[in-house]
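A.B. asks:
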Amino acid sequence: SRMVNPSRITNRLIQKFRVREIAMSQMQNPCSGAYNSVVLEEESKYLVYLIAASTEQNVVPIGGHYRFTFDKKDINSFTKERLSNSCLTLEKPSNAVGLAVSHLVTDGPLETHVFLGMLYGTLAIVTESGTFLTANGQIELVDDLSVE
Numbered sequence: 047s048r049m050v051n052p053s054r055i056t057n058r059l060i061q062k063f064r065v066r067e068i069a070m071s072q073m074q075n076p077c078s079g080a081y082n083s084v085v086l087e088e089e090s091k092y093l094v095y096l097i098a099a100s101t102e103q104n105v106v107p108i109g110g111h112y113r114f115t116f117d118k119k120d121i122n123s124f125t126k127e128r129l130s131n132s133c134l135t136l137e138k139p140s141n142a143v144g145l146a147v148s149h150l151v152t153d154g155p156l157e158t159h160v161f162l163g164m165l166y167g168t169l170a171i172v173t174e175s176g177t178f179l180t181a182n183g184q185i186e187l188v189d190d191l192s193v194e
């Protein structure tokens, strides 16, 4: 057998790994024993999403997700946001096309709804401002309830 050639790990990758580690250590009262993580980079910050996961088929963790925002110049400076009010899970029947949920934390859907749609299929989100659908990594407003 042949050894894999070593690769150089850049400082940028090391920073992304560190912010993920910090975020994982800062969760309080996790809703799940397993979390998926997403580390995104913007000009001056890193965004770390911790998405509650399930090992059970057809069980979808709707709540229990977090978003951490780190300052690139000082990764010890960060904010933490819990993106739901509860640890809600839904069972998705095997013949279901999608799921529908209400969202009360913000007036509209969050990035986590897009991630859930990508992981589990179409998700309808009912908020104070309207009904939205997530599909293929996109959010679409399908019923505008906002008052003009």
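So the sequence shown is numbered by my numbering: it starts at 47 and just counts up by one. Each residue gets a CB set at the ideal place from its N, CA and C atoms; glycine is no exception. Just so we're clear, the structure is a prediction, and the values are computed from it rather than from any experiment.
Taking Cβ to Cβ, would you say T135 is nearer than 9 Å to P155?
C.D. replies: No; because the gap between Cβ atoms is not below 9 Å, this pair is not in contact.
A.B. asks: According to DSSP, F124 sits in a beta bridge with which residue or residues?
C.D. replies: In DSSP, F124 forms a bridge with F116.
A.B. asks: Could you spell out where the alpha helix (DSSP H) holding L165 opens and where it closes?
C.D. replies: Element bounds for L165: 157 to 166.
A.B. asks: Contact check, T177 vs V188 under 8 Å by CB: the rounded distance?
C.D. replies: With a Cβ gap of about 5 Å, T177 and V188 count as contacting.
A.B. asks: Are A142 and V172 close, meaning C-beta to C-beta below 9 Å?
C.D. replies: Not a contact, by the Cβ cut-off of 9 Å.
A.B. asks: V65 by DSSP, collapsed to three states: which one?
C.D. replies: Looking at V65 - three-state DSSP - the assignment turns out to be helix.
A.B. asks: Return the bridge partner residues of P107 from the DSSP annotation.
C.D. replies: Answer is T135.
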